[in-house]
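Notes follow the structure.
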Amino acid sequence: MKKKILIINTGGTLSSVAKEHGLTPDITTDSMMKELHIVAGEAELTTMDFMSLDSANIFPEDWAKLAEIISDNRDKYDGMVVIHGTDTMAYTSSMLSFMLQNIPIPVVITGSQLSISDPVADAMENLRCAIFMAQTGKSGVFLAFNRKVILGCRASKVRSISFDAFDSINAPNVAEISSLGMKVNEDQLPKKSGIFHLQNNYSRDIAVVKMFPGMHRSLLNSLAKEGCKAIYIEAYGLGGMPYLKHDFIATIQKLVDQGITILIGTQCRFEGSNLNVYETGRRALDAGVIQANDMTTEAAVTKLMWVLGQTNDPKEIRDYFNISLCGEVILQK
Ligand code: ASP
Numbered sequence: 202m203k204k205k206i207l208i209i210n211t212g213g214t215l216s217s218v219a220k221e222h223g224l225t226p227d228i229t230t231d232s233m234m235k236e237l238h239i240v241a242g243e244a245e246l247t248t249m250d251f252m253s254l255d256s257a258n259i260f261p262e263d264w265a266k267l268a269e270i271i272s273d274n275r276d277k278y279d280g281m282v283v284i285h286g287t288d289t290m291a292y293t294s295s296m297l298s299f300m301l302q303n304i305p306i307p308v309v310i311t312g313s314q315l316s317i318s319d320p321v322a323d324a325m326e327n328l329r330c331a332i333f334m335a336q337t338g339k340s341g342v343f344l345a346f347n348r349k350v351i352l353g354c355r356a357s358k359v360r361s362i363s364f365d366a367f368d369s370i371n372a373p374n375v376a377e378i379s380s381l382g383m384k385v386n387e388d389q390l391p392k393k394s395g396i397f398h399l400q401n402n403y404s405r406d407i408a409v410v411k412m413f414p415g416m417h418r419s420l421l422n423s424l425a426k427e428g429c430k431a432i433y434i435e436a437y438g439l440g441g442m443p444y445l446k447h448d449f450i451a452t453i454q455k456l457v458d459q460g461i462t463i464l465i466g467t468q469c470r471f472e473g474s475n476l477n478v479y480e481t482g483r484r485a486l487d488a489g490v491i492q493a494n495d496m497t498t499e500a501a502v503t504k505l506m507w508v509l510g511q512t513n514d515p516k517e518i519r520d521y522f523n524i525s526l527c528g529e530v531i532l533q534k
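202 is the number of the first residue of the sequence shown in the numbering used here; add one for each residue after it.
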């Protein structure tokens with residue numbers, strides 16, 4: 202039986218053309234039909250042009266709508282492929298992983314570094330990988346790029362020009378294509394934890410702060426005054442923060458006491474944070490911060506937005522960060 206695959210186009214470089222003000226998405230799925238059929242093999246394709254945006258213009262309301270379209274169509278297709286700009290693709294793949302937990306089919310996001318109209322583009326190869334993964338029946342949200350399939354909530358854009366633009370952070374790839382074909386690493390597939398239902402509520406009342414020596418701690422107070430209910434801080438190394446001459450930890454303590462959630466991760470791309478090791482981390486834990494552990498920034502930020510869409514209770518928010526919802530985190534023992 203031919204597998205039915207829905208291709209949802211949201212724009213990005215893959216569908217871009219050169220215009221007066223630079224590259225902009227303008228190619229519809231109708232005009233890519235020939236290329237899509239070349240890479241689709243046996244699959245029966247249906248296409249949908251949902252948006253035509255550079256992914257810098259994608260906002261959470263687009264994630265919510267996209268998740269709804271995927272949810273509404275899940276019983277009609279064996280798998281789905283979402284064409285998306287690469288710049289915010291890992292945020293979208295992370296947020297869809299939370300909004301579509303336990304989705305019963307594969308949802309595979311892809312894009313390319315060059316337009317499908319360019320003869321040397323990576324577009325066909327990436328689409329081939331995504332459509333192939335969408336036919337495997339392996340359920341979950343994934344990102345396919347450069348012959349790799351990455352768990353959606355573990356992906357990060359790590360190169361701005363190369364075809365190998367995405368890495369799987371702190372987790373092995375879910376699948377790879379080599380001369381032996383596609384090899385799926387079953388251990389890396391998301392574990393089902395319940396029945397599927399669309400959960401696309403979110404909150405935008407969060408902020409992300411990258412710590413640097415010399416940063417004013419009053420910035421954190423300003424964010425709280427502006428209405429942020431949670432702040433994700435990319436701290437140093439294993440998650441350390443200053444407390445001597447400039448006592449960030451005292452500032453954080455006051456914010457936590459006001460009911461603001463402070464999530465601490467690391468600026469290091471690989472291996473995650475562990476606040477238990479240094480005094481600079483332990484003091485933060487004592488002040489009531491939550492650890493991001495080995496989550497990517499994309500997963501930490503979107504999980505925070507998603508969790509705040511489910512609850513405002515600081516204790517429940519903490520509980521959500523003490524579990525892995527879809528493979529986004531390995532918690533410390
Ligand atoms: N600026 C583009 C986008 O994110 C980049 C790309 O697709 O590669 O939409």
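Just so you know, even glycine gets a beta-carbon here, dropped at the ideal spot from N, CA and C.
query: If distances are taken between C-alpha atoms only, which option among SER525, PHE413, VAL350 and ASN402 comes closest to LYS384?; result: VAL350
query: Starting from the N-terminal side, write out each stretch of the alpha helix (DSSP H) that is 4 residues or longer and does not extend beyond the region 399–431.; result: 419–426
query: Count Cβ pairs between the region 235–242 and the region 269–276 that sit closer than 8 angstroms; are there 3 or more?; result: no
query: Restricting to runs no shorter than 4 residues, where is the alpha helix (DSSP H) found entirely within the region 251–317?; result: 261–274 and 290–300
query: Are VAL457 and TYR433 touching if we call contact CB-CB under 8 angstroms?; result: no
query: Between the Cα of ASN210 and the Cα atoms of GLN492, ASP255, GLU517 and LYS339, which residue gives the shortest distance?; result: ASP255
query: Enumerate in chain order the residues of its own chain whose CB-to-CB distance from LEU224 is below 6 angstroms, with the five nearest sequence positions on each side excluded.; result: SER217
query: Would you check whether the ligand ASP has a heavy atom nearer than 7 angstroms to the C-beta of ALA257?; result: yes
query: So, do the region 353–373 and the region 483–501 have three or more beta carbon pairs nearer to each other than 8 angstroms?; result: yes
query: Pick helix, strand or coil for GLN468, following the three-state DSSP scheme.; result: coil
query: Given that a residue counts as buried once 16 or more other Cβ atoms are within 10 Å of its Cβ, and exposed if not, what is GLY460?; result: exposed
query: Among ALA376, LYS339 and THR337, which one has its Cα closest to the Cα of ALA356?; result: ALA376
query: Give a yes or no on whether the minimum CB-CB distance between THR225 and chain C is below 8 angstroms.; result: Going by chain labels, chain C is absent from the structure shown, which holds only one protein chain.
query: Between the beta-carbon of GLN468 and the beta-carbon of TYR437, is there less than 8 angstroms?; result: yes
query: Given the structure, does ASP520 come close to the ligand ASP, in the sense that its CB is under 7 angstroms from one of the ligand's heavy atoms?; result: no
query: Tell me the residue span of the alpha helix (DSSP H) that contains ASP458.; result: 449–458
query: Does ASN523 come out as helix, strand or coil in the three-state DSSP assignment?; result: coil
query: What I want to know is whether the C-beta of ASP288 ends up closer than 7 angstroms to one or more non-hydrogen atoms of the ligand ASP.; result: yes
query: Under 7 angstroms Cβ to Cβ from VAL530, same chain only, skipping five residues before and after it: list those, please.; result: ASN494, ASP495 and MET496
query: May I ask you to report which of helix, strand or coil DSSP gives THR214?; result: helix
query: Note down, in chain order, each residue of its chain lying with its Cβ closer than 6 angstroms to the Cβ of LYS250, except the 5 sequence neighbours on either side.; result: Looking at the sequence provided, one finds Asp at residue 250 rather than Lys. Cβ within range, chain order: ASN210, THR229 and THR230.
query: Looking at the unbroken beta strand (DSSP E) that takes in GLU377, where does it start and where does it end?; result: 376–379
query: When the Cα of ALA265 is compared with those of MET506, GLY212 and PRO443, which residue comes out closest?; result: MET506
query: Compute the distance between the beta-carbons of ILE317 and ARG348, then report whether it is under 8 angstroms.; result: no
query: Output needed for ALA322: all residues of its chain with C-beta closer than 7 angstroms, excluding positions within five of it in sequence on either side, in chain order.; result: SER313, LEU315 and SER316
query: Run through the DSSP bridge pairs and tell me what PHE245 is partnered with.; result: The identity of residue 245 in the sequence shown is Glu, whereas the question assumes Phe. Paired residue(s): LYS205.
query: Which residue or residues does DSSP assign as beta-bridge partners of PRO226?; result: SER217
query: Taking the continuous alpha helix (DSSP H) assigned at GLY482, which residues delimit it?; result: 480–487
query: Looking at ASP406 and LYS430, is the spacing between their C-beta atoms short of 8 angstroms?; result: yes
query: Return the residue from the list LEU421, GLU326, ASN402 and ASN513 that minimises the CA-CA distance to ASP263.; result: ASN402
query: For GLU435, write down the residues that DSSP places opposite it in a beta bridge.; result: LYS411 and GLY466
query: Name the residue from LYS393, ILE453 and GLY482 whose alpha carbon lies nearest to the alpha carbon of GLY440.; result: GLY482
query: Could you say which of THR452, LYS446, TYR444 and LEU445 lies nearest to SER423 if we only look at CA atoms?; result: THR452
query: Between GLN389 and the ligand ASP, is there a pair consisting of the residue's CB and a ligand heavy atom that are separated by less than 7 angstroms?; result: no
query: Answer yes or no: do VAL490 and ILE465 have a C-beta to C-beta separation smaller than 8 angstroms?; result: yes
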